[in-house]
Amino acid sequence: MNVGGVYGLNGILNVYKPEGVSSNYVVQKIKKMFKLAKVGHGGTLDPFASGILPIFVNKATRLNNYIHSFDKEYVACIELGTATDTADYTGKVVKRMSVPDISEEKIKESLKNFVGQIEQVPPAYSAKKLNGIRAYDLARKGVHFSLVPIKVIIYSCDLLYYEGDKIYIRVKCGSGTYIRTLCEDIACSLGTVGYVSYLERIRYGPLEKSNAIAFDDLFSKIEINISDQLLPLDFLLHNFPWVVIKGSALKTVLNGGMLSEDQIEFFSIPINVESFVRVYSIDRKFIGIGKFNGNKLKISLFLQ
């Protein structure tokens, strides 16, 4: 395994997290093993869950505030007849109910009701904050509290198969969706209770499971060089419009100034559109992220 010279590397790793380890464990192990200055991740996966965990290396950690709006895709198993305090198999059983006779047709009809914009109450064991305190910290202390419902978007919720008291579903959803809550609500709609016994994130924006590298392979396969696995800094910004600035404008950027229209060579959207844009130099090097204010462009994140 070649770890030489990776301290100054920048980019994104499409890592497949296994069950049984926390997202933070993955971050710390990669940081220590490859002697990296800064490492972060793009969205927590519960320890019991597996799947895609974007890992940001060095300068890429500064992109974190710009990429949380990505759609995601999951495969989950709902275990009917039992409820737990965490809504997954790691929690304590808090309720048991009989499971009525359910056909695949009834399940499919029920799933249709969860497609579109829906309201969810975040799980007690979640990272949601209440008066500055994480909900899971309050729950672990036995504190009783209520969380405000949130609106989320479910693009599709399909039945994969139904076996015994287990329902396997595939969910495409917007950012901020709680799959554990969704599964509890689906069980309730079928006249019983349920919890998540399996959860896998198979897509995160443009990151696919088929292109991910297994976490363990980063450390066990001698032929793997981490620099070969790094995606460019702008990879997760593919849905951002872009602009190319003139060579003479780079000095203005370095000095923190705003760019006028005549300092922009090319652009993919009309100027004066208030959205974040990818900014490239005339030789197509990614500079960072900017935002228009009127007909002026301000670099909000400089990555060179």
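Residues in the sequence shown are numbered consecutively from 1, following UniProt numbering.
From the three backbone atoms N, C-alpha and C, an ideal C-beta is built for every residue, glycine too.
Start-to-end residues for the alpha helix (DSSP H) that takes in Asp282:
Note on residue identity: the sequence assigns Ile, not Asp, to residue 282. From DSSP, Ile282 is part of no alpha helix (DSSP H); its letter is neither H nor E.
Going along the chain, which unbroken runs of the alpha helix (DSSP H) with 4 or more residues stay wholly within the stretch 180-232?
217-220, 226-229
Please classify Gln304: does DSSP put it in a helix, a strand, or coil?
Coil, per DSSP.
Length of the line joining the Cα atoms of Phe215 and Ile30
Looking at the two C-alpha atoms, the distance is approximately 9 Å.
Less than 8 Å between C-beta atoms, sequence neighbours within five positions excluded: which residues of the same chain meet that for Ile107?
Leu159, Tyr162, Ile167, Leu190
Residues of its chain near His41, where Cβ-Cβ distance is below 6 Å and the 5 sequence neighbours each way are ignored:
Ser23, Val27, Leu53, Ile55
If you reduce the DSSP assignment to three classes, tell me which class Glu274 lands in.
coil
Got a sec? Which residues, its chain only, sit under 7 Å from Ala139 by beta carbon, not counting five neighbours each side?
Ala124, Tyr125
Alpha helix (DSSP H) containing Ile107: first to last residue?
That run of the alpha helix (DSSP H) goes 104-112.
CA-to-CA distance, Ala127 to Ala37, given in whole angstroms:
Between Ala37 and Ala127, the C-alpha separation is close to 26 Å.
Span of the beta strand (DSSP E), counted from its first residue to its last, around Tyr155
150-163
At the level of alpha carbons, what is the spacing between Tyr25 and Lys172?
27 Å
Opening and closing residue of the beta strand (DSSP E) in which Thr84 lies
Where Thr84 is concerned, the enclosing beta strand (DSSP E) starts and stops at 82-84.
For the beta strand (DSSP E) containing Leu250, name the first residue and the last one.
Leu250 -> not in any beta strand (DSSP E); alpha helix (DSSP H) instead, spanning 250-254.
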